[in-house]
Amino acid sequence: MSQTQHPDLGNLDQQGHLTLDPILVKKVARLARLSPNEQELDSLSHELGKILEHFQNIEALETDNVEPTYHPQDLLDSVRPDQVQPSYDQSVFMELTPKHKDGCLMVPRTFE
Amino acid sequence: MSYETVIGLEVHVELSTASKIFCSCETTFGGEPNTHCCPVCTGLPGALPVLNEQVVDYAIRTCLATHCAITPLTRFDRKNYFYPDLPKAYQISQLHKPIGRNGHLEIETAEGLKKIGIHEIHMEEDAGKLIHDPWEDCTLVDYNRCGVPLLEIVSEPDLRSAEEALIYLEKLRSILQFLGVSDCRMEQGSLRADVNVSVRPVGSQTFGTRTEMKNMNSFKAIGRAIVAEAKRQIDLIEDGKTIKQETRRWDENKDSSFAMRSKEDAMDYRYFPDPDLVAINITPDWIERVRSGLAELPESRRARYIADWQLSEYEAGVLTTHPAIANLFEETATLSGRPKDAASWMLGEFMQAAKEQECEPQDLHMPAQSLATLIARVAEGVVNRNTAKKIFTQILENKVDPDAYIEQNGLRMVSNPDALKDKIAEIIAANPQSIVDYKAGKTKAMGFLVGQVMRAMQGKADPQLLNELLKDALDRA
Ligand SMILES: [Zn+2]
Chain Z
39 MSQTQHPDLG
49 NLDQQGHLTL
59 DPILVKKVAR
69 LARLSPNEQE
79 LDSLSHELGK
89 ILEHFQNIEA
99 LETDNVEPTY
109 HPQDLLDSVR
119 PDQVQPSYDQ
129 SVFMELTPKH
139 KDGCLMVPRT
149 FE
Chain B
299 MSYETVIGLE
309 VHVELSTASK
319 IFCSCETTFG
329 GEPNTHCCPV
339 CTGLPGALPV
349 LNEQVVDYAI
359 RTCLATHCAI
369 TPLTRFDRKN
379 YFYPDLPKAY
389 QISQLHKPIG
399 RNGHLEIETA
409 EGLKKIGIHE
419 IHMEEDAGKL
429 IHDPWEDCTL
439 VDYNRCGVPL
449 LEIVSEPDLR
459 SAEEALIYLE
469 KLRSILQFLG
479 VSDCRMEQGS
489 LRADVNVSVR
499 PVGSQTFGTR
509 TEMKNMNSFK
519 AIGRAIVAEA
529 KRQIDLIEDG
539 KTIKQETRRW
549 DENKDSSFAM
559 RSKEDAMDYR
569 YFPDPDLVAI
579 NITPDWIERV
589 RSGLAELPES
599 RRARYIADWQ
609 LSEYEAGVLT
619 THPAIANLFE
629 ETATLSGRPK
639 DAASWMLGEF
649 MQAAKEQECE
659 PQDLHMPAQS
669 LATLIARVAE
679 GVVNRNTAKK
689 IFTQILENKV
699 DPDAYIEQNG
709 LRMVSNPDAL
719 KDKIAEIIAA
729 NPQSIVDYKA
739 GKTKAMGFLV
749 GQVMRAMQGK
759 ADPQLLNELL
769 KDALDRA
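Protein sequences, first through last, are from chains Z and B.
The numbering used here applies: residue 39 is where the first sequence begins, and numbers increase by one.
The numbering used here applies: residue 299 is where the second sequence begins, and numbers increase by one.
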């Protein structure tokens with residue numbers, strides 16, 4: 039597929055494969071709270087480019103008359119009645135966290 | 299140049315279900331930290347959320363009352379962001395197929411009825427509570443509130459002033475309370491609003507750049523924040539500066555807002571359909587079932603009070619501000635057969651007590667049967683109105699039974715002319731100056747003597763009879 043469909047994604051390499059713009063890769067990494075080094079950034083640009091190329095192939099299919107598939111199963115209405123069941127003991131959650139105080143989990147200071 | 303303010307509101311309301319939206323933990327406010335929690339609401343690996351059917355029922359009720367079109371196949375999406383109040387690192391919410399769309403509410407403004415569009419209503423889960431610990435300089439996390447069901451009701455930017463925004467909020471709150479879907483206790487955070495504000499020159503058809511103030515939980519603060527933000531934006535424009543699209547925080551103590559984050563740094567939530575949850579098929583049958591059980595809304599009750607019980611527009615309006623007030627009034631009116639008296643007690647003593655105790659009306663102890671009995675005893679002449687007021691306070695404060703209290707404390711009204719005449723003679727004899735004043739045409743003297751007799755009789759005298767007999771005695775003195 040041609041890159042003109044998504045000119046803002048990146049460039050084509052010598053083999054004609056999509057290489058993701060490193061700025062875009064950095065943004066995605068930041069959203070996932072990852073900090074790849076330069077070498078990892080380079081390989082991620084290629085790998086993510088390939089994945090997106092695949093999606094571009096899929097996009098080329100005619101899907102105007104196809105219902106979107108949100109879920110692989112046809113299950114509907116999986117609900118439960120509004121009834122309270124006992125919760126877990128507070129100590130369970132305290133044991134799962136490295137630091138706690140007064141029954142609360144303790145995390146680094148959060149702004150906002 | 300003159301400007302107009304454009305306001306849109308995103309109202310988050312906690313639903314009053316017994317259990318959380320995707321697990322069976324209780325939703326009770328407060329409690330010891332992290333005691334209403336399980337693997338689902340704390341996002342432990344492998345836990346599977348299952349939707350609480352009551353949440354859908356409540357959402358359908360709200361959609362019906364706000365004239366929203368209900369989405370037949372409604373679905374949940376994941377809204378991804380990292381924040382310690384969200385243990386899964388995503389909030390289960392609705393983006394692509396919210397349960398309701400394109401509704402409206404009619405509000406009464408000074409210029410008449412105005413239709414405020416409702417863009418959409420969606421179901422989602424609440425987040426946990428963060429507490430700053432100044433001693434350790436860290437953040438403490440309590441997940442009790444995490445997973446409590448929320449409805450987000452998003453208005454169109456149709457509101458044009460702080461007054462309109464508050465009228466809309468009050469109307470929405472009373473509808474939610476009458477529907478029984480939420481108690482809307484703002485002090486407990488069960489109703490919160492994100493407020494979007496922009497300004498534009500009067501007559502302009504395009505919107506200005508908007509700012510958002512998140513998580514506001516008092517009507518007073520919302521009103522002041524809108525006024526202050528509109529002024530800030532107009533000042534910027536007049537100074538030739540531009541308005542930045544940003545999230546601002548309102549500081550109630552400083553009566554001003556400050557920027558939190560700007561658009562450039564805006565969250566990218568990367569929404570996608572939640573694979574853990576399946577679609578909900580809201581059939582016409584389901585909608586009809588909910589519709590047939592829908593509580594009578596304030597507007598209809600108000601009309602009924604005016605038509606059936608000859609109450610004034612004002613009286614009916616106040617009585618329908620909260621379901622607890624309306625229900626107590628209706629029950630008392632029916633039990634006593636005296637709707638006018640019931641309205642008078644509700645608007646007077648009851649509202650006064652709620653105001654003095656700074657509590658929600660449903661938190662006051664006032665059984666309809668007690669109030670109806672009290673009204674009946676006044677009408678029958680068993681006690682006078684003043685004594686009845688004291689009994690009313692006793693019911694509120696000490697949960698007394700009115701009839702038993704009247705007997706135990708000998709509060710029956712004294713309507714025996716002989717008993718009254720004796721007391722009157724005593725008081726007149728003790729206050730010769732008052733008789734001189736009365737004869738000199740000072741009507742105040744009469745009031746003074748009525749008070750003296752009343753006091754001597756512990757307030758139990760039949761006031762009408764006392765007036766007649768006293769006047770008679772004075773004229774003959
Ligand atoms: Zn739970």
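Even glycine gets a Cβ: it sits at the ideal position worked out from N, Cα and C.
Since we're looking at a predicted model, the values are computed, not measured.
Here B:E312 carries a strand assignment [DSSP, helix/strand/coil].
A Cβ closer than 5 Å to some heavy atom of ligand 1 marks a residue here, and those residues are B:C321, B:C323, B:C336, B:V338 and B:C339.
Rounded to the nearest angstrom, the gap between the Cα atoms of B:A686 and B:A651 is 15 Å. If only uninterrupted alpha helix (DSSP H) runs of at least 4 residues are considered, those enclosed by the stretch 416–478 of chain B are 460–477. For the stretch 330–342 of chain B, the residues whose beta carbon sits under 7 Å from a beta carbon of chain Z are, in order, E330, P331, N332, T333, H334, C335, C336 and T340. B:M511 sits in a strand when the DSSP states are folded into three classes. Among the CB atoms of chain B, none fall inside 8 Å of the CB of Z:F93. Going by DSSP, B:H365 is part of no alpha helix (DSSP H) at all; its letter is neither H nor E.
Annotation for Z:Q77: the continuous alpha helix (DSSP H) segment containing it runs E76 to E97. In this structure, Z:H55 is the residue among Z:H55, Z:R147, Z:G141 and Z:D51 with its C-alpha nearest to the C-alpha of Z:N95.
Leaving aside the five residues that flank B:P396 on each side, the residues in its chain whose CB is nearer than 6 Å to its CB run, in chain order, E418 and H420. Under a criterion of Cβ atoms nearer than 9 Å, the residues of chain Z adjacent to B:I578 are, in order, L114, D115, S116 and V117. B:N494 is bridged by DSSP to B:G306 and B:E510. Beta-bridge annotation (DSSP): Z:K139 is paired with Z:C142. The beta-carbon of B:L428 is placed less than 8 Å from the nearest beta-carbon of chain Z.
Using a Cβ-Cβ cut-off of 8 Å, Z:S125 counts as an interface residue toward chain B, since at least one Cβ of chain B sits closer than that to its own.
Between B:L662 and the set B:E422, B:F690, B:G635 and B:M752, the nearest pair of CA atoms involves B:F690. Using a Cβ-Cβ cut-off of 8 Å, B:D440 counts as an interface residue toward chain Z, since at least one Cβ of chain Z sits closer than that to its own. Rounded to the nearest whole angstrom, the C-alpha separation of B:L747 and B:G757 is 13 Å. Flagged as an interface residue toward chain B: Z:T148, by a C-beta distance shorter than 8 Å. Between the stretch 654–668 of chain B and the stretch 512–530 of chain B there are fewer than three C-beta pairs closer than 8 Å, too few to call the two in contact. Under the Cβ criterion of 8 Å, B:D431 is counted among the residues facing chain Z. Scanning B:G306, B:L467 and B:A759 for the CA closest to the CA of B:E510 turns up B:G306. Judged by DSSP secondary structure, B:D375 falls within the beta strand (DSSP E) whose first and last residues are D375 to N378. With its beta carbon at least 8 Å from every one in chain Z, B:F327 lies outside the interface. Neighbours of Z:K139 across chain B, judged by C-beta separation under 8 Å: D431, E434 and L438. Contact with chain Z is absent for B:R443, since none of that chain's Cβ atoms lies less than 8 Å from the residue's Cβ. B:D440 is not a Cβ neighbour of B:N551, given a cutoff of 8 Å. Excluding sequence positions up to five before and after B:I535, its CB lies less than 6 Å from no other CB in the same chain. Approximately 5 Å separates the beta-carbon atoms of B:A528 and B:V497; this is inside 8 Å, confirming the contact.
With fewer than 16 other CB atoms across the displayed protein chains lying within 10 angstroms of its CB, B:M299 is exposed. Note on B:V500: under 16 other CB atoms within 10 angstroms of its CB, so exposed under the neighbour-count rule.
The Cβ of B:R587 sits no closer than 8 Å to any Cβ of chain Z. Taking a C-beta cut-off of 7 Å against chain B, the contacting residues of the stretch 49–80 of chain Z are L69 and R71, listed in chain order.
Between the stretch 464–471 of chain B and the stretch 599–618 of chain B, the count of C-beta pairs closer than 8 Å stays below three; the two stretches do not touch. For Z:Q52, there is no enclosing beta strand (DSSP E), as DSSP marks it with neither H nor E.
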